[in-house]
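Remarks on the structure that follows.
Residue numbers (full-length UniProt numbering): 1 to 264.
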């Protein structure tokens, strides 16, 4: 049990056996009997050192190490940021656990890759255009690829071979008659139109002559420069354009009664 001194407030331990209190305060040397009776002595002019001398065994036996009442209890302390931390940012605590169970995020892998993707896409488009232009002669014969090639050649200023679709030519009128005053000659007249979606080169006319028994007595394919005197190489017929041609042929046999035209 501890008894406070009435003069300085120092806590004094009582004897454990009989509960007796020392006569004097070990700190201020005031008489404790006066303090218990209610009388107060004047404080001494000078206070001696409260530390007991090595020879004072009575005081040392009763004095124990106690915490002074004037010492404040420890409270929560504020952590100040280090000088090396920018803007007072505290380091982030690392995740606990074994290293093989932690998820590591590579900053380079998480970075955006749009420039590389755009470069790869641009190279792929250029390669496709090069292949398209290199095979344009073959692809131009297909109706599915023809519109795309028209646009590409308009942009890159290239030329496409003329569209070739003999079945798109429609015969409008035809006739094979003997030439007056010129025996053995036949005058051929034909009118046809281009019904294709694109311009076509002038067709090759295939003329077949038959006799009264239905036997074929003559056949010949006429090129555009043979049935047209003013034909120019590379000249084409536009979609929906019609024309009429006339030329003379030698009669291969007598009694020609039937004929037919085909386009090539």
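All residues carry an ideal CB built from backbone N, CA and C; glycine is no exception.
- Hey, how far is the Cα of residue 154 from the Cα of residue 148? To locate residue 154, count along the chain shown from 1; it is residue 154. To locate residue 148, count along the chain shown from 1; it is residue 148. Cα to Cα, the separation comes out at about 10 Å.
- Message: Give me, in chain order, the residues of the same chain whose beta-carbon lies closer than 6 Å to that of residue 244; leave out the 5 immediate sequence neighbours on both sides.
- Response: Walking along the chain shown from the start, residue 244 turns up at place 244. So the qualifying residues of the chain are 191.
- Query: If you check the beta carbons only, do residue 258 and residue 214 fall under 9 Å apart?
  - Reply: As a working note, residue 258 is residue 258 in the chain shown. As a working note, residue 214 is residue 214 in the chain shown. Cβ distance < 9 Å, so residue 258 and residue 214 count as in contact.
- Pairwise C-alpha distance: residue 254 and residue 248: Residue numbering aside, residue 248 sits at position 248 when the chain shown is read from its first letter. Residue numbering aside, residue 254 sits at position 254 when the chain shown is read from its first letter. Distance between the alpha carbons of residue 248 and residue 254: 16 Å.
- What separation, rounded to the nearest whole angstrom, lies between the Cα atoms of residue 161 and residue 179? As a position in the chain shown, residue 161 is number 161, starting the count at 1. As a position in the chain shown, residue 179 is number 179, starting the count at 1. Whole-angstrom Cα-Cα distance: 39 Å.
- Could you give the DSSP three-state label for residue 11: helix, strand or coil? The residue given as residue 11 occupies position 11 in the chain shown. Three-state result, residue 11: strand.
- Mind checking residue 189: buried by the 16 CB within 10 Å criterion, or exposed? For the purposes of this step, residue 189 is taken as residue 189 along the chain shown, with counting starting at 1. So residue 189 ends up on the exposed side.
- Backbone CA spacing between residue 117 and residue 126 [nearest angstrom]: Here the question's residue 117 lines up with position 117 in the chain shown. Here the question's residue 126 lines up with position 126 in the chain shown. Going from the Cα of residue 117 to the Cα of residue 126 covers about 14 Å.
- Query: Do you know how far the Cα of residue 252 is from the Cα of residue 276?
  - Reply: The structure shown does not extend to residue 276, since the chain is modelled only from 1 to 264, so the question has no answer here.
- Determine the direct distance from the alpha carbon of residue 124 to that of residue 151, and round the result to whole angstroms. Taking the first residue of the chain shown as position 1, residue 151 is located at position 151. Taking the first residue of the chain shown as position 1, residue 124 is located at position 124. Each residue's alpha carbon lies about 19 Å from the other.
- Beta carbon of residue 263 nearer than 9 Å to that of residue 205: Taking the chain shown and counting its residues from 1, one reaches residue 263 at position 263. Taking the chain shown and counting its residues from 1, one reaches residue 205 at position 205. It is a contact, given that the beta carbons lie within the stated cut-off.
- Item | Euclidean distance between Cα positions of residue 208 and residue 187 | Here residue 208 refers to the residue found at position 208 of the chain shown. Here residue 187 refers to the residue found at position 187 of the chain shown. Each residue's Cα considered, the two are about 14 Å apart.
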